[in-house]
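Student: I'd like to ask you about the structure that follows.
In my numbering, the protein residues as written are 1 to 241.
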């Protein structure tokens, strides 16, 4: 590869390797790792092509999309679920991945954070949840017994339970059982304890504004904890395999 190609912008060179992508984005995103890029692929945010020998190749559009995702994550602290919704909307509408202005982090949208519960959100009975998630009824009962999903007061399950059940179905397909997954519940409870500790000064106040701020802060912290956990796992997997 000649010097001109090495210094060209991503949009000027087709089909880059992951190493070349990291090199081009290093100035904007120091510390960006191959494991982080692969993690975003695993989460359905980017879709590199594969060569006949299995190597990933990134097109100019892949790199534009990746830069957009990383910018939203860095400057807006948005959860990956929200970023994916925005990216999908841009592509669906045929728009461009215009980078947001770097004017500091914006607020985390209430209705889009992983822990936000919308009024009137859909619920399922256990049988409906089984059909919706392809989780057998015995598996759902085990997930309930280990505290991985919870029934509402009317014996129904919400969107969080549906997402959790779907993930557990995929994990059990690799030989993991609900008893192996219960430590995720324990880890989540510990993280919630940290969030409660951080928002305690606001949550303890009686005025409505403080309580709303406490709820918003808790949602933001939960999103950051989720991202941190994912980064730590991805890093350890990358170092191990």
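Positions of the beta carbon are idealized from the N, C-alpha and C atoms, including for glycine.
Quick caveat: nothing in here was measured; it's all calculated off a predicted structure.
Exposed or buried, which one is residue 95 when buried takes at least 16 other CB atoms within 10 Å?
Tutor: So residue 95 ends up on the exposed side.
Student: Kindly indicate the opening and closing residues of the alpha helix (DSSP H) around residue 30.
Tutor: First-last for residue 30: undefined, no H or E at that position.
Student: Across which residues does DSSP place residue 58 in a beta bridge pair?
Tutor: 16
Student: Could you round the C-beta distance between residue 143 and residue 165 to whole angstroms and report it? I think they count as a contact, below 8 Å.
Tutor: 6 Å
Student: When DSSP builds the beta bridges, which residues end up paired with residue 157?
Tutor: 124
Student: Quick check on the burial criterion: 16 or more other C-beta atoms within 10 angstroms. Buried or exposed for residue 24?
Tutor: buried
Student: Buried or exposed for residue 125, going by 16 or more other Cβ atoms inside 10 Å?
Tutor: exposed
Student: Starting from residue 178 and walking both ways along the alpha helix (DSSP H), at which residues does that stretch end?
Tutor: Its alpha helix (DSSP H) spans residues 178-203.
Student: Nearest-angstrom Cα distance between residue 17 and residue 69?
Tutor: Taking the straight line from one Cα to the other gives about 18 Å.
Student: Please classify residue 146: is it buried, with 16 or more other beta-carbons within 10 angstroms of its beta-carbon, or exposed?
Tutor: buried
Student: Can you tell me whether DSSP reads residue 170 as helix, strand or coil?
Tutor: It is helical.
Student: With a threshold of 16 other CB atoms inside 10 Å of the CB of residue 148, please say whether the residue is buried or exposed.
Tutor: buried
Student: Enumerate in chain order the residues of its own chain whose CB-to-CB distance from residue 36 is below 8 Å, with the five nearest sequence positions on each side excluded.
Tutor: 231 and 234
Student: Using the Cα positions of residue 178 and residue 167, report the straight-line distance between them to the nearest angstrom.
Tutor: 11 Å
Student: By how many angstroms is the C-alpha of residue 139 removed from the C-alpha of residue 153?
Tutor: Roughly 21 Å separates the two Cα atoms.
Student: For residue 58, count the other beta carbons within 10 Å of its own beta carbon; 16 or more makes it buried, fewer makes it exposed. Which is it?
Tutor: buried
Student: Less than 6 Å between the CB of residue 167 and some heavy atom of the ligand PLP, yes or no?
Tutor: You won't find the ligand PLP in this model; it holds no ligand whatsoever.
Student: Buried or exposed: residue 170, going by 16 or more other Cβ atoms within 10 Å of its Cβ?
Tutor: exposed
Student: To the nearest angstrom, how far is the alpha carbon of residue 204 from that of residue 131?
Tutor: Between residue 204 and residue 131, the C-alpha separation is close to 42 Å.
Student: Count the other CB atoms, across all protein chains shown, that sit within 10 Å of the CB of residue 73; report buried if there are 16 or more and exposed otherwise.
Tutor: Classification for residue 73: buried.
Student: Tell me, to the nearest whole angstrom, how far the beta carbon of residue 162 is from that of residue 129; I am working on the premise that it is less than 8 Å.
Tutor: Rounded, the Cβ-Cβ distance is 6 Å, consistent with contact.
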